[in-house]
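Comments concern the structure below.
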Amino acid sequence: HELRTPLTVIGGFLETLSDIETPDPALIRRSLPLMSDQAKRMQMLVEDLLTLSRLESDANPGREEPVNVPDVARGLYHDALALSAGRHKVTLLLESTAWIIGAEDELRSAFGNLVSNAIRYTPEQGEVRLSWKSTADGGAVFSVKDSGIGIEPQHLPRLTERFYRVDRGRSRETGGTGLGLAIVKHVVNRHAAKLEISSEPGQGSTFSVVFPESRIAADTAATLKTAS
Ligand code: ADP
């Protein structure tokens with residue numbers, strides 16, 4: 010259904026255009042951007058579906074190596090500034106120097122989904138805060154807090170299901186595939202981490218990925234101790 014709709018739109022336009030002997034240039038001008046939007050939509054869907062199926066087909070993270078999470082967070086902070094284009098107050102708080110044992114591309118993609126959601130579901134002038142902190146039990150937590158539209162409690166348990174959306178229109182308008190949090194959930198599970206969501210409608214949401222101590226790269230935990 011998700012792929013069929015954009016295909017139907019593109020197919021419909023092409024059929025109309027090929028039925029007319031000399032198509033009206035204005036009609037062509039109008040339909041090309043619409044077809045191109047639908048093609049982009051399908052492309053994003055296919056990419057997210059491929060990512061999901063890759064994640065589902067093997068149980069363990071791709072290549073396990075120490076991942077410099079503070080660096081990843083800095084990169085995502087710059088992506089967030091670009092995505093927001095000045096519409097939000099974006100901040101980054103790095104309280105931990107810990108690195109995580111895991112797959113860097115997977116972690117970047119999961120954290121990046123949370124960041125892009127925060128920007129997409131937060132109206133102009135709102136705030137988006139990225140943070141990386143240590144936890145009381147020796148682990149670390151990456152959080153994205155926004156002051157956006159928030160989520161009613163009854164939706165929270167279902168958010169990581171494929172194609173589950175609270176507001177279909179809003180997701181579409183902002184270029185959502187409905188697969189972002191399903192991808193996040195897979196990556197989180199593969200890293201023995203936990204996804205925690207807290208949200209209040211009209212106030213905002215916080216999405217946190219909590220890593221256990223066993224995932225912290227040993228030498229970076231030492232850096233933490235000497236730093237504190
Ligand atoms: P989508 O591509 O639709 O954003 P996701 O899987 O990333 O798909 O998220 C699922 C749904 O969760 C979204 O459609 C939206 O309703 C809700 N959601 C996700 N992040 C936020 C957020 N930061 N604030 C409010 N709602 C959110």
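Numbering (our numbering), first residue to last: 10 to 237.
Glycine included, C-beta positions come from ideal geometry on N, C-alpha and C.
Closest residue to residue i among the options (Cα-Cα distance)
| i | options | result |
| --- | --- | --- |
| residue 98 | 156, 197, 172 | 156 |
| residue 94 | 132, 173, 186, 114 | 132 |
| residue 227 | 152, 147, 218, 217 | 147 |
| residue 208 | 127, 91, 44, 36 | 127 |
| residue 220 | 178, 152, 179, 176 | 152 |
| residue 42 | 58, 23, 56 | 23 |
| residue 130 | 180, 170, 67, 113 | 180 |
| residue 182 | 56, 38, 47, 212 | 47 |
Residue interval of the beta strand (DSSP E) (run including residue i)
| i | result |
| --- | --- |
| residue 74 | 74–76 |
| residue 109 | 109–111 |
| residue 58 | That residue, residue 58, is in no beta strand (DSSP E); its alpha helix (DSSP H) goes 34–66. |
| residue 31 | Taken as a continuous stretch (DSSP letters only), residue 31 belongs to no beta strand (DSSP E), as it is neither H nor E. |
| residue 100 | 98–103 |
Residue j beta carbon less than 7 angstroms from that of residue i
| i | j | result |
| --- | --- | --- |
| residue 150 | residue 117 | no |
| residue 184 | residue 172 | no |
| residue 214 | residue 205 | no |
| residue 154 | residue 104 | no |
| residue 85 | residue 135 | no |
| residue 210 | residue 159 | yes |
| residue 110 | residue 73 | yes |
| residue 175 | residue 119 | no |
| residue 140 | residue 90 | no |
| residue 192 | residue 58 | no |
| residue 137 | residue 108 | no |
| residue 32 | residue 26 | yes |
| residue 54 | residue 11 | yes |
Residue interval of the alpha helix (DSSP H) (run including residue i)
| i | result |
| --- | --- |
| residue 25 | 13–28 |
Contact belief for residue i with residue j at Cβ below 8 angstroms, rounded distance in angstroms
| i | j | result |
| --- | --- | --- |
| residue 168 | residue 190 | 5 angstroms |
| residue 124 | residue 88 | 7 angstroms |
| residue 199 | residue 69 | 6 angstroms |
| residue 51 | residue 79 | Rounded, the Cβ-Cβ distance is 36 angstroms, inconsistent with contact. |
| residue 229 | residue 144 | Actually they do not touch by this definition, with Cβ atoms about 14 angstroms apart. |
Could you pull out every unbroken beta strand (DSSP E) segment of at least 3 residues lying fully inside the stretch 139–220, listed in chain order?
149–155, 203–209, 213–220
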